[in-house]
Amino acid sequence: MIRVSVQAEDFDTGAEVARLASGGDSVGAVVSFSGVVRGESGGEKLLALQLEHYPGMTERELSRIAAEATARWQLSAVTIIHRVGVLRPKDQIVLVVTASAHRQAAFDGCAFVMDYLKTQAPFWKKETRSSGEYWIEARSSDDEAAARWDAV
Amino acid sequence: MRLLYFAWLRQHVGVSEETVDCPASVETVTQLVQWLAGRGPGYARAFEHPARVRCAVNQTHARPDARVTDADEVAFFPPVTGG
């Protein structure tokens with residue numbers, strides 16, 4: 001089962017993990033990844049992080065990535081929640097939860113979803129620091145992280 | 153053709169979306185970028201470095217040689233930075 005949500009509101013990681021853990025007799029492993037806003041960037045204190053997205057395409061891309069992970073690792077469930085709007089340091093940004101019969105599929109499926117989310121899902125971050133506002137540049141290390149799944 | 157702009161492309165162009173009638177000679181994403189870059193200083197700045205611009209046609213990632221038509225929704229944006 002795939003659940004995708006793009007929302008301004010915060011989310012409850014414990015509740016999302018518990019929901020997938022109680023998902024059926026075949027579930028033996030649940031893995032979650034949470035992304036949070038760092039308190040500094042470029043040697044400066046980060047004041048705020050603004051997340052913009054492409055409504056419609058974002059949900060499509062997240063659903064496509066979740067479906068690909070589900071098929072590739074026979075996951076029983078994938079949940080992706082991504083926040084948009086203005087966030088502050090220590091706020092949660094993103095949650096990915098995967099459930100499967102055994103741990104390796106859940107670990108790999110979760111990592112795959114995050115790596116592809118970071119290179120394919122249409123979100124953009126703008127930082128507010130004391131010296132001004134900055135659009136975050138994409139990192140080549142994220143492309144490399146996503147590309148490693150092509151060889152597996 | 154419906155055009156959408158995100159992040160710093162939106163800031164340079166000055167609007168988040170618009171509907172345009174482009175010339176019949178515009179058949180691909182690359183040709184659309186070249187035409188848009190000539191529409192004014194903001195557009196020229198947004199599309200100054202085409203390698204830094206990504207495109208989606210009808211909400212699916214598209215390459216520079218992808219075909220575009222008047223009925224399409226075409227979005228331009230920087231490489232994504234979510235997660």
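Protein chains in written order, with the numbering used here: chain A, 1 to 152; chain B, 153 to 235.
Where is the CB? At the ideal position from N, CA and C, for every residue including glycine.
All figures in this text were calculated on a predicted structure; none of them were measured in a lab.
Can the beta-carbon of residue i be found less than 9 Å from the beta-carbon of residue j?
i: A:G122; j: A:R38; result: It should be noted that the sequence gives Pro, not Gly, for residue 122 of chain A. For A:P122 and A:R38, no; Cβs fall outside 9 Å.
i: A:R83; j: A:Q92; result: yes
i: A:V17; j: A:V78; result: no
i: A:A29; j: A:A147; result: no
i: B:A189; j: B:Y195; result: yes
Counting along the chain, where does the beta strand (DSSP E) carrying residue i start and finish?
i: A:G132; result: 132 to 135
i: A:G56; result: Note, A:G56: premise wrong, no beta strand (DSSP E); not H, not E.
i: A:H102; result: Element bounds for A:H102: n/a, residue is neither H nor E.
i: A:R88; result: It is not in any beta strand (DSSP E) - A:R88 carries neither H nor E in the DSSP assignment.
i: B:H213; result: 212 to 214
Find the nearest neighbour of residue i within the set the options, judged by alpha-carbon distance.
i: B:V165; options: B:V185, B:T180, B:A176, B:R215; result: B:V185
i: A:R72; options: A:F107, A:L51, A:S41; result: A:F107
i: B:Y157; options: B:N210, B:T233, B:V226; result: B:V226
Could you name the residues that DSSP lists as bridge partners for residue i?
i: B:T180; result: B:R219
i: A:Y116; result: Answer is none; A:Y116 lacks a bridge partner.
i: A:E44; result: A:S41
i: A:P79; result: Sequence inspection shows Thr at residue 79 of chain A; the Pro mentioned does not correspond to that position. Paired residues: A:R3, A:V97.
i: B:V226; result: B:L155, B:V209
Starting from residue i, trace the alpha helix (DSSP H) in both directions and tell me its first and last residue.
i: B:T163; result: The question names Thr, but residue 163 of chain B in the sequence shown is Gln. Segment 159 to 165, the alpha helix (DSSP H) holding B:Q163.
i: B:G192; result: Per DSSP, B:G192 belongs to no alpha helix (DSSP H) and is neither H nor E.
i: B:V232; result: Where B:V232 is concerned, there is no enclosing alpha helix (DSSP H), given that its DSSP letter is neither H nor E.
Query raised in the report: If we count Cβ pairs, one from each stretch, closer than 8 Å, do we get three or more for the stretch 103 to 112 of chain A versus the stretch 213 to 229 of chain B?
Result: Between the stretch 103 to 112 of chain A and the stretch 213 to 229 of chain B, the count of Cβ pairs shorter than 8 Å is below three; the stretches do not touch.
Requested in this report: Could you tell me whether the stretch 22 to 32 of chain A touches the stretch 53 to 62 of chain A, using the rule of 3 or more Cβ pairs below 8 Å?
Outcome: no
Query - the stretch 127 to 136 of chain A / the stretch 42 to 50 of chain A touching (three or more Cβ pairs under 8 Å) - result: yes
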